[in-house]
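Notes follow the structure.
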Amino acid sequence: MNIKPLADRVLIAPAPAEEKTIGGIIIPDTAKEKPLKGEVVAVGNGTKDEEMIVKVGDTVLYGKYAGTELELDGTKYLIMRQSDILAIVG
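Numbering of the sequence shown is given in the working numbering, commencing with residue 256 and proceeding in unit increments.
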């Protein structure tokens, strides 16, 4: 399936959550911290007021509650406005 975000929206593939163990106890998926970093998979064309700065392939940092989660073909993505991205990791 091919997704093309509209306007100033960006589609991000979140980095996998790190698996942590405490004294041999594996923390379940529901207790893992959400990743705050991901790779840009697709970008919109921008708006007349906001030029798109991020591009496909960029690794970005975003806020803990930024974006809307969606799942396509078993893969989880986030879609958010470019303004919700905090930084591009270089």
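Glycine is no exception: its CB is placed at the ideal position from the N, C-alpha and C atoms. Computed from a predicted model, the values in this text were never measured in an experiment.
Could you tell me the distance, in whole angstroms, from the CA atom of residue i to the CA atom of residue j?
i           : j           : result
residue 325 : residue 270 : 15 Å
residue 257 : residue 266 : 11 Å
residue 308 : residue 281 : 39 Å
residue 300 : residue 338 : 14 Å
residue 330 : residue 303 : 32 Å
residue 310 : residue 297 : 8 Å
Following the continuous beta strand (DSSP E) through residue i, name the residue where it begins and the one where it ends.
i           : result
residue 297 : 292 to 298
residue 314 : 314 to 317
In the DSSP output, what is residue i paired with across the bridge?
i           : result
residue 324 : 333
residue 341 : Looking at the DSSP assignment, residue 341 forms no beta bridge with any residue, so it has no partner.
Which class does residue i belong to by DSSP, given the choice of helix, strand or coil?
i           : result
residue 308 : coil
residue 266 : strand
residue 280 : strand
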